[in-house]
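Mature numbering (1 follows the signal peptide of the UniProt record, and there is no 0) puts the sequence shown at residues -25 to -1, 1 to 101.
Heads up, the beta-carbon is just placed ideally off N, CA and C, and yes, glycines get one too.
First the structure, in the form of structure tokens, and then the observations on it.
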Amino acid sequence: MTSSSFSLKTLLLAVAFTLPGLAYAAEPAMTKDGMLVDHKGMTLYTFAKDAGGKSMCNDKCAANWPPLAAESTAMDMGKWTAIKRDDGHMQWAYDGKPLYTFVMDKKAGDMTGDGKMDGAWKVAKP
């Protein structure tokens, strides 16, 4: 074996072991039928009372409208930002709007929360 083929094999092995660490994190949600959904396909919502990237949905509100949870180590990416909630947990926001699911949505594609509270809850759109 020549030294150049040994070096090439060493380089290829080094790249192979490094690639998994370079993979980027997937976005916290996706677009389906013109709306944002979580990775289970559940509809995401925005709340009109939220302002300045801050969630105003806490306690009983959050029990009915669970926040789209972000890991404590989540990093902002493009229009996606991780915000800190009043309870200290992290939540994803899209374009500055905190995102939530709705407990009455039972299956992917349900949109039963759209228009609730005199229109304060809306399906999130990209």
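- Counting along the chain, the unbroken alpha helix (DSSP H) around LYS91 starts and ends at 91 to 94.
- By alpha-carbon distance to ASP8, the top candidate from CYS36, THR18, GLY53 is THR18.
- Look at the beta carbons and you see the segment 85 to 95 not touching the segment 59 to 71: under three pairs across the two are nearer than 8 Å.
- Following the DSSP letters along the chain, one finds LYS59 in no alpha helix (DSSP H) but inside the beta strand (DSSP E) bounded by residues 55 to 59.
- Within the model, the alpha-carbon separation for LYS72 versus LYS81 is close to 23 Å.
- Counted as a single uninterrupted DSSP element, the beta strand (DSSP E) harbouring LYS7 occupies residues 5 to 7.
- The residues PRO101, in chain order, have a CB closer than 6 Å to that of THR6 in the same chain once the five nearest residues on each side in sequence are set aside.
- Residue environment for SER47: exposed (fewer than 16 other C-beta atoms within 10 angstroms of its C-beta).
- In the structure shown, ALA37 falls within a helical segment according to DSSP collapsed to helix, strand and coil.
- When DSSP states are grouped into helix, strand and coil, THR48 belongs to the coil group.
- Taking a C-beta distance under 8 Å as the contact criterion, GLN66 and ALA45 qualify as a contact pair.
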